[in-house]
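K.L.:
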Amino acid sequence: MKISLVIVAAAGIWLCAATQASAFIHPGLPLTMADLNRVKARIQAGDQPWATGFRVMAADWHSKLSYRMQGPFAYVSRNPNVNLYQWRNDMQAIYNLSLMWCFTGNPAYARKAAHILLAWAHTQKKFGGMESDLDLGDFACRFAGGADILRGTWPGWTRADTKAVKRLFGGVYWPGAFNAGRNIIGPANKGLLALAAACAVAVFDDNRTELDHVIHLYRTQAATALRDTLPTGESGESGRDQGHAWDIIKSMAFICDVCRAQGIDLFSEDHNRLLAVGEYWARNNYGASTPFTPFGSIDAYYLKNSAAGWPHGRLALNMLYDAYVLGKGLQAPYIEMRRDELPIDDTSSNDNSFVFYRKNAIGTVASPLPPVRFPAAPAASVTIGLRDIEIGRAYPRGGSRYQRGIWTVQGAGADIWPPQDTCHFVYKTVRGNCTIIARVDSIRSVSSHAKAAVMIRQSLRPNTPSDWIAITPSSAYEYSMRGWSNLWGGNHFAQGHRAIPTSAYWLKIERVGDMITLFVSPDGTSWAAACVGRYAHLPYKLYLGLAVCSHRQGRLATARFSHVYMTGGDGLEPPTAPKAPLAVVAEPGNQEVPLRWLKSFGAEGYHVKRAGNKSGPFRSIATVSVGGGESYIDRSVRNGARYYYVVTAFNAADESEPSSKVSIVPEPPLVCVSQHGAAAAYAEANARQGAGKAFDNLGSTEWFSGRQAGTHGWIAYDLGRGRSRVVKAYDIITGNVPACDPKDWEFQGSNDGSHWITLDTRRDESFPAGLQSFAVHNETAYRHYRLNITANDDGGGIQLAELDLFAPASAPPPQVPSRQHN
Numbered sequence: 026m027k028i029s030l031v032i033v034a035a036a037g038i039w040l041c042a043a044t045q046a047s048a049f050i051h052p053g054l055p056l057t058m059a060d061l062n063r064v065k066a067r068i069q070a071g072d073q074p075w076a077t078g079f080r081v082m083a084a085d086w087h088s089k090l091s092y093r094m095q096g097p098f099a100y101v102s103r104n105p106n107v108n109l110y111q112w113r114n115d116m117q118a119i120y121n122l123s124l125m126w127c128f129t130g131n132p133a134y135a136r137k138a139a140h141i142l143l144a145w146a147h148t149q150k151k152f153g154g155m156e157s158d159l160d161l162g163d164f165a166c167r168f169a170g171g172a173d174i175l176r177g178t179w180p181g182w183t184r185a186d187t188k189a190v191k192r193l194f195g196g197v198y199w200p201g202a203f204n205a206g207r208n209i210i211g212p213a214n215k216g217l218l219a220l221a222a223a224c225a226v227a228v229f230d231d232n233r234t235e236l237d238h239v240i241h242l243y244r245t246q247a248a249t250a251l252r253d254t255l256p257t258g259e260s261g262e263s264g265r266d267q268g269h270a271w272d273i274i275k276s277m278a279f280i281c282d283v284c285r286a287q288g289i290d291l292f293s294e295d296h297n298r299l300l301a302v303g304e305y306w307a308r309n310n311y312g313a314s315t316p317f318t319p320f321g322s323i324d325a326y327y328l329k330n331s332a333a334g335w336p337h338g339r340l341a342l343n344m345l346y347d348a349y350v351l352g353k354g355l356q357a358p359y360i361e362m363r364r365d366e367l368p369i370d371d372t373s374s375n376d377n378s379f380v381f382y383r384k385n386a387i388g389t390v391a392s393p394l395p396p397v398r399f400p401a402a403p404a405a406s407v408t409i410g411l412r413d414i415e416i417g418r419a420y421p422r423g424g425s426r427y428q429r430g431i432w433t434v435q436g437a438g439a440d441i442w443p444p445q446d447t448c449h450f451v452y453k454t455v456r457g458n459c460t461i462i463a464r465v466d467s468i469r470s471v472s473s474h475a476k477a478a479v480m481i482r483q484s485l486r487p488n489t490p491s492d493w494i495a496i497t498p499s500s501a502y503e504y505s506m507r508g509w510s511n512l513w514g515g516n517h518f519a520q521g522h523r524a525i526p527t528s529a530y531w532l533k534i535e536r537v538g539d540m541i542t543l544f545v546s547p548d549g550t551s552w553a554a555a556c557v558g559r560y561a562h563l564p565y566k567l568y569l570g571l572a573v574c575s576h577r578q579g580r581l582a583t584a585r586f587s588h589v590y591m592t593g594g595d596g597l598e599p600p601t602a603p604k605a606p607l608a609v610v611a612e613p614g615n616q617e618v619p620l621r622w623l624k625s626f627g628a629e630g631y632h633v634k635r636a637g638n639k640s641g642p643f644r645s646i647a648t649v650s651v652g653g654g655e656s657y658i659d660r661s662v663r664n665g666a667r668y669y670y671v672v673t674a675f676n677a678a679d680e681s682e683p684s685s686k687v688s689i690v691p692e693p694p695l696v697c698v699s700q701h702g703a704a705a706a707y708a709e710a711n712a713r714q715g716a717g718k719a720f721d722n723l724g725s726t727e728w729f730s731g732r733q734a735g736t737h738g739w740i741a742y743d744l745g746r747g748r749s750r751v752v753k754a755y756d757i758i759t760g761n762v763p764a765c766d767p768k769d770w771e772f773q774g775s776n777d778g779s780h781w782i783t784l785d786t787r788r789d790e791s792f793p794a795g796l797q798s799f800a801v802h803n804e805t806a807y808r809h810y811r812l813n814i815t816a817n818d819d820g821g822g823i824q825l826a827e828l829d830l831f832a833p834a835s836a837p838p839p840q841v842p843s844r845q846h847n
């Protein structure tokens, strides 16, 4: 049996279509002239949230004509930090001042921004430090976005100015972004920050070759970007924390938005994978139940979800909403809900201009790139033809045998960590690009440090460059790369040891060109890169196979491997039924249910099955072939009804058992309705802390009852005559005094403002992230809503930054062309 594999290559090995040569659009990093004009019109009309967003930005000290430049310096560095905060402030000022010029028409702002930018362009010679790529990525939209706005909109900008800034960006910031090498970038969010910076530089510099290289890495690097995500939307940082998981989305969205402004559609890559990533992050932070699969990247492997809500993130959510909902007619229910519950003055990204990425229109026509044509290195099952050898005089002699889908390998040896490695190796000779996949079913040994590994070697002698990744009896994976020329993090990341949930696990090695990558997976499809290295003189001929080391000379360890697939395998193993997808997610769309699931090893397709109750019966509603994306949109549903789903995988042998059940209720998106009414409270400390401050969509203002008002009280909102709504959720954003946070309360509704019905009761609540969402089981429309607080955290008085009320939108779902139904 043969399977197709996705494998990584060095530049020049991938068969990727280059972007079509055309003139670059300026401005377009990523805001275009049309975007800026639309936002300016919204500001001038007083539309929200743009008008308030502009006032927030205009009040920032980086936006003032009185701003005092803090640089320039010839040298800036991060880790160690040298002149870093001065550089950050000046880059933020360049961006803010360029936007102020666009939205006010006052050329003094443009002159101020250009003065700062050109001072740096003529002075800075290097951006150094171990983490230069991180700051350059975080500030890419500032230094490049501001420069591009000046270049494309201000009449005072000259060709000499463009030339000077190109020297700075190409000569200083490009090498700073690729501080580990042109083809080796960091893992997860780190690699994406490097790509975000490089993408911005390439576009400003009008360098098509550089942009093609960035896109190539975005599509093919194993440890970051697209390949560091799963079909369910999980990313390599989902198990770390939600701030770094958002960094992944922000950088991916920025790269895609910049490319879209240049006519290249990366948003559609991998069946709209970035939409899945955004929805996963948004539902995680919204508080919805979210499945998690062990996953990570080369710097960490996570076994559980980090689902604590992070009270920021509007910037990326705005870009994703515009791209997918407005641009492609797809629904993004969790993105929309999470975006609208965050305050307008969210400054999580050190940038208060994020509201201007809420463009509410798509003006640039972008075309998707042809699919990546991966190098031909098909892997097939292996039943015969492997050779046995003892590496480094391991004793007693080991051996191997194949029977009914299982390779049983015995081996001794002291260890395979040191250069003088000793083990039993079962191998075949391979030439050029190659792959091996194997599932370690078990390993038995007298030592908990024994190893069952997949290995690739340059010779059959000890003390030779080799790479391996292994499972130990103590439920861990270990890996090592030796002889590399370029590896992110150097020796510190060339070897490692990380926990896994069970000692039955999947391993993979890929060699493409001069790159070798080690992977680990719980299911044979959800591959996380463990290590990536480049070899300057990698031989064409290598030795690839299974290795077993007992970690005790004189004693044998026994390992059982299943699903052993190798380049050049015989393909004689009969197919077996695939396992069910390890995870399935469903989303509450408006008159539809988007579904996504993980791949199953060996599957040829999937059946999507639905039932009206959790006990079934489940009937198939769709069949999705491999290659069609692990997703389906069920549009034969009605709002308000609960549906249950399972997914099965199938191939020529049989159909899998059903996946775990998921249930969902489709409904219109919830929108904030507490915007045009009247607020009241039992007490107000002063006019600046009145009840209305809890409904102004700003996290920096608050309602405060006053310290003498006690710990019991209420705050209410009148939607207005004829504006009654069915509120189904409310958000609370706390103020800056935790002791004054509400702890116990009733959420109530009324139609006369006097007689109250309790809709939701909470006790002993806390706000570790500062923002909390609460669902309400309510089907009645009320005009008045009230938070009746019966206890706080023992502080004097009660304080809230925001109390937002959410009700179903009344607008119909977007009309979607038939080609986007699945």
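Sequential numbering of the sequence shown, starting at 26, is according to our numbering. Beta carbons are placed, not taken as given, at the ideal position from N, Cα and C, and that holds for glycine.
#1: Just the C-alpha distance for A84 and W179, rounded to the nearest angstrom, thanks.
#2: Which stretch, first to last residue, makes up the alpha helix (DSSP H) that contains N232?
#3: Taking all protein chains shown into account, decide if R456 is buried (16 or more other Cβ within 10 angstroms of its Cβ) or exposed.
#4: Under three-state DSSP, which class holds I273?
#5: With burial defined as no fewer than 16 other Cβ atoms inside 10 Å of the residue's Cβ, what is the status of V687: buried or exposed?
#6: Do you know how far the Cα of G654 is from the Cα of A313?
#7: Just how far apart, CA to CA, sit A250 and A221?
#8: Where in the segment 787-839 do unbroken runs of the beta strand (DSSP E), each at least 3 residues long, occur, reported from the N-terminal end onward?
#9: Considering only their Cβ atoms, is the gap separating P606 from V651 smaller than 7 Å?
#10: Specify, as a first and last residue, the run of the alpha helix (DSSP H) that G171 falls within.
#11: Whose C-alpha, out of G717, S725, R363, D272, is nearest the C-alpha of F831?
#12: For A636, name the three-state secondary structure that DSSP assigns.
#13: Enumerate in chain order the residues of its own chain whose CB-to-CB distance from S102 is below 6 Å, with the five nearest sequence positions on each side excluded.
#14: Rounded to whole angstroms, how far is the Cβ of W513 from the Cβ of P212, which I believe are closer than 8 Å?
#15: Compare the Cα-Cα distances from W531 to each of F586, L567, N516 and report the closest residue.
#16: How long is the line joining the alpha carbons of Q445 and L543, rounded to whole angstroms?
#17: Spatial neighbours of Q111 within its chain, please: C-beta separation below 6 Å, excluding the five flanking residues on both sides.
#18: So, for E235: in the same chain, excluding its five sequence neighbours on each side, which residues have a beta-carbon less than 6 Å away from its beta-carbon?
#19: Measuring straight from C-alpha to C-alpha, what distance separates C284 and E415?
#20: If you draw a straight line from the alpha carbon of P74 to that of L61, how long is it in whole angstroms?
#21: For V455, does the three-state DSSP call read helix, strand or coil?
#22: Taking C574 as part of the beta strand (DSSP E), name the residues at either end of that continuous run.
#23: For L394, name the three-state secondary structure that DSSP assigns.
#24: State the Cα-Cα distance for the pair Y311 and E692, rounded to the nearest angstrom.
#25: Let me confirm a value: W86 is counted as buried when at least 16 other C-beta atoms fall within 10 Å, else exposed. Which label applies?
#26: Would you call the CB atoms of E535 and T460 closer than 7 Å?
#27: How long is the line joining the alpha carbons of A704 and V380, rounded to whole angstroms?
#28: Given a cut-off of 7 Å on the beta-carbon distance, is the pair G264 and D253 in contact?
#29: According to DSSP, which residues form a beta bridge with W739?
#30: Quick one: what's got a C-beta closer than 8 Å to C127's C-beta in the same chain, skipping five residues either side?
#31: Take A582 as the anchor and find which of I68, A169, C448, G430 has the nearest alpha-carbon.
#32: According to DSSP, simplified to helix, strand and coil, what is K686?
#33: Using CA coordinates, which residue listed in R660, N711, A666, K604 is at the minimum distance from N850?
#34: Would a C-beta distance cut-off of 7 Å place N817 and P767 closer than the cut-off?
#35: If you follow the beta strand (DSSP E) that A301 is in, where does it begin and where does it stop?
#36: Given this structure, state the Cα-to-Cα distance separating A754 from R308, to the nearest angstrom.
P.N.:
So, from the listed chains and residues:
#1: Indexing the sequence shown from 1 puts residue 84 at position 59. Indexing the sequence shown from 1 puts residue 179 at position 154. So the alpha carbons of these two residues sit roughly 23 Å apart.
#2: Residue numbering aside, residue 232 sits at position 207 when the sequence shown is read from its first letter. Run containing N232: none; DSSP gives neither H nor E here.
#3: Locating residue 456 in the sequence shown gives position 431, where the first residue counts as 1. When all chains shown are included, R456 counts as exposed.
#4: Along the sequence shown, read from residue 1 onward, the residue named residue 273 stands at position 248. Here I273 sits in helix by DSSP.
#5: The residue given as residue 687 occupies position 662 in the sequence shown. It is buried - the Cβ of V687 has at least 16 other Cβ atoms within 10 Å.
#6: Locating residue 313 in the sequence shown gives position 288, counting from the first residue. Locating residue 654 in the sequence shown gives position 629, counting from the first residue. If I take the Cα positions, the gap works out to 24 Å.
#7: Taking the first residue of the sequence shown as 1, we reach residue 250 at position 225. Taking the first residue of the sequence shown as 1, we reach residue 221 at position 196. Cα to Cα, A250 sits roughly 11 Å from A221.
#8: 796-800, 809-817, 827-833
#9: The residue you call residue 651 lines up with position 626 of the sequence shown. The residue you call residue 606 lines up with position 581 of the sequence shown. Going by C-beta atoms, V651 is not nearer than 7 Å to P606.
#10: Against the sequence shown, residue 171 aligns to sequence position 146. Run containing G171: 165-178, per the alpha helix (DSSP H) assignment.
#11: Position 806 of the sequence shown, counted from the start, is the residue given in the question as residue 831. Comparing Cα-Cα distances from F831 to each of G717, S725, R363, D272, the minimum goes to R363.
#12: Your numbering for residue 636 matches position 611 in the sequence shown. The answer is strand: DSSP assigns A636 an E or B state.
#13: Counting from 1 along the sequence shown, the entry for residue 102 is found at position 77. G153, G154, listed in sequence order.
#14: Counting from 1 along the sequence shown, the entry for residue 513 is found at position 488. Counting from 1 along the sequence shown, the entry for residue 212 is found at position 187. With 8 Å as the limit, W513 and P212 qualify as a contact, their Cβ atoms being about 7 Å apart.
#15: If you number the sequence shown from 1, residue 531 lands on position 506. The shortest C-alpha separation from W531 is found at F586.
#16: One-based indexing of the sequence shown puts residue 445 at position 420. One-based indexing of the sequence shown puts residue 543 at position 518. Their Cα atoms are separated by approximately 21 Å.
#17: The residue given as residue 111 occupies position 86 in the sequence shown. Hits under 6 Å: Q95, G96.
#18: The count along the sequence shown starts at 1 and reaches residue 235 at position 210. Excluding sequence neighbours, E235 sits near A227.
#19: Along the sequence shown, read from residue 1 onward, the residue named residue 284 stands at position 259. Along the sequence shown, read from residue 1 onward, the residue named residue 415 stands at position 390. Roughly 52 Å separates the two Cα atoms.
#20: Residue numbering aside, residue 74 sits at position 49 when the sequence shown is read from its first letter. Residue numbering aside, residue 61 sits at position 36 when the sequence shown is read from its first letter. Looking at the two C-alpha atoms, the distance is approximately 15 Å.
#21: Translated into the one-based positions of the sequence shown, residue 455 becomes position 430. V455: strand per DSSP, three-state reduction.
#22: In the sequence shown, counting from the first residue as 1, residue 574 sits at position 549. That run of the beta strand (DSSP E) goes 566-574.
#23: Sequence index remark: in the sequence shown, residue 394 carries index 369 (1-based). Coil, per DSSP.
#24: The residue you call residue 311 lines up with position 286 of the sequence shown. The residue you call residue 692 lines up with position 667 of the sequence shown. Cα-Cα distance, rounded: 16 Å.
#25: By 1-based counting over the sequence shown, the position of residue 86 is 61. It counts as exposed.
#26: For this step, residue 535 is matched to residue 510 along the sequence shown. For this step, residue 460 is matched to residue 435 along the sequence shown. Their beta carbons are under 7 Å apart, which means E535 touches T460 by this criterion.
#27: Numbered from its first residue, the sequence shown carries residue 704 at position 679. Numbered from its first residue, the sequence shown carries residue 380 at position 355. Taking the straight line joining both Cα atoms gives about 25 Å.
#28: Translated into the one-based positions of the sequence shown, residue 264 becomes position 239. Translated into the one-based positions of the sequence shown, residue 253 becomes position 228. Not closer than 7 Å, so no.
#29: In the sequence shown, counting from the first residue as 1, residue 739 sits at position 714. According to DSSP, W739 bridges with N813.
#30: By 1-based counting over the sequence shown, the position of residue 127 is 102. Only L61, K65, I174, T178 meet the Cβ criterion.
#31: Residue mapping note: residue 582 aligns to position 557 of the sequence shown, counting from 1. Residue C448 is the option with its Cα nearest to A582.
#32: As a first step, residue 686 must be located in the sequence shown, where it is residue number 661. Of the three classes helix, strand and coil, the one that applies to K686 here is coil, per DSSP.
#33: The chain is shown only over 26 to 847; residue 850 falls outside these bounds and no answer can be derived.
#34: Walking along the sequence shown from the start, residue 817 turns up at place 792. Walking along the sequence shown from the start, residue 767 turns up at place 742. In this structure, P767 lies closer than 7 Å to N817 by Cβ.
#35: For the purposes of this step, residue 301 is identified with residue 276 of the sequence shown, where counting begins at 1. Here A301 belongs to no beta strand (DSSP E); instead the alpha helix (DSSP H) covers 294-311.
#36: Here residue 754 refers to the residue found at position 729 when the sequence shown is read from its first residue. Here residue 308 refers to the residue found at position 283 when the sequence shown is read from its first residue. Distance between the alpha carbons of A754 and R308 is about 14 Å.
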